[in-house]
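A short worksheet on the structure shown next.
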Amino acid sequence: MTKFVSLHNNLHRHIRVDQSRIEAQGAKERMVPVVMSEFLKLAVQYPIAFTKYSDTGRFVCVALLGFEEHENLFWDGEHWQGIYTPLNIVRQPFFVGQEDDKTVICIDAESDCLTREAGQAIFTEQGEETEFLRKVKAMLAQLIEGEQHTQTFIEALLQHKLLMPMSFNITFVNQQEQRVQGLYTIDEEKLSTLDDAAIAQLHRQGYLKPIYTLIASLGHIYSLVEKKNARLADDS
């Protein structure tokens, strides 16, 4: 359960963040929203795809972490097993919200990361921002800017009709079968038929590199299957 409240130096002066618990906040996330500036780091280990919010029809870019609901194959019960942890996990328990038409930093008051004992202080005893909070604010600013750039990227893909549904069937080592759907990826055939003007436009916008990074990252679906098989073997 989450409870978002605006961060305030009077209310949260004595609250600390236990950074050892941050990655555990993503333990039950099957996918996590990511931004374009993360693609190169993510593509080393994660399949990157798109999904669409059913209530708004809005597309969002995600890193795939598992195949079932609440399954994160990068979480081993104690640690995040990845070279890079997505920003939307690392910024926990902080969020950006709106209050009186102003953008404010919020905190999940129910987060397991919060403590009054060991951990990183958010404010000093005098109520001033700590270096830790300044880094958090910089990370949130990076995410906000990244989300804007990523949405512009997605709009360009939609303009050129480059997104296509992606679904696949998997048979795991225990013979369990699963169909994965609800994802979207780059339509490589459509990409190959774009005229020179469209390709030049995507190049000028700086979108060709992330397009091919997305395509290449899908090879990590096989690595994700291996992670699942290893987990099933350990449980048998």
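Residue numbers for the sequence shown follow this note's numbering, so the first one is 62 and each next one is one higher. Note that beta-carbon positions come from the ideal geometry of N, C-alpha and C, so glycine has one too. It should be emphasised that the depicted structure is a prediction, and the values quoted were computed from it without experimental measurement.
Report the CB separation of residue i from residue j in whole angstroms; it is logged as a contact under 8 Å.
i	j	result
F184	E190	6 Å
Q153	C174	6 Å
A104	T246	Incorrect: roughly 13 Å between the Cβ atoms, too far for contact.
F155	L201	6 Å
T176	D79	5 Å
A294	V234	6 Å
L244	T117	With 8 Å as the limit, L244 and T117 do not qualify as a contact, their Cβ atoms being about 17 Å apart.
R77	E186	The Cβ separation is near 12 Å, so there is no contact.
V151	I205	Not quite, the Cβ-Cβ distance comes to about 15 Å (not below 8 Å), so this is no contact.
Measuring alpha carbon to alpha carbon, tell me which of the options ends up nearest residue i.
i	options	result
I276	A294, E249 and C167	E249
Q203	V157, M225, H221 and E139	V157
G87	S67, E186, V241 and E130	E130
S98	E238, F120 and Y145	Y145
A199	L148, P226, T232 and N235	L148
L126	L293, V93 and P271	V93
Q159	F65, H264, Q266 and Y283	F65
C167	S278, T63, D295 and R292	T63
Y268	Q236, Q212 and L134	Q212
S228	Q239, S278 and N235	Q239
R265	T117, R119 and F214	F214
A124	L134, P108, A85 and E139	P108
Check residue i in the structure and name its three-state DSSP category.
i	result
P108	coil
G127	coil
L175	strand
K196	helix
N71	coil
F233	coil
Q153	coil
G207	helix
I168	strand
S98	helix
Y245	strand
E238	strand
S284	helix
Taking the alpha-carbon positions, what's the residue i to residue j distance?
i	j	result
N230	G180	44 Å
W136	Q106	14 Å
S115	K163	27 Å
F128	T232	12 Å
S81	I282	28 Å
E216	Q209	11 Å
K270	G280	17 Å
L252	E132	32 Å
Y273	V95	16 Å
E90	A170	20 Å
Indicate, with yes or no, if the ligand ATP has a heavy atom lying under 7 Å from the CB of residue i.
i	result
T146	Only the bare structure without any ligand can be found here, which leaves the ligand ATP out of the picture.
Q. Three or more beta-carbon pairs under 8 Å between the region 287-294 and the region 258-270, yes or no?
A. no
(Q) Taking contact to mean 3 or more Cβ pairs, one atom from each stretch, closer than 8 Å, check whether the region 69-85 and the region 211-230 are in contact. (A) no
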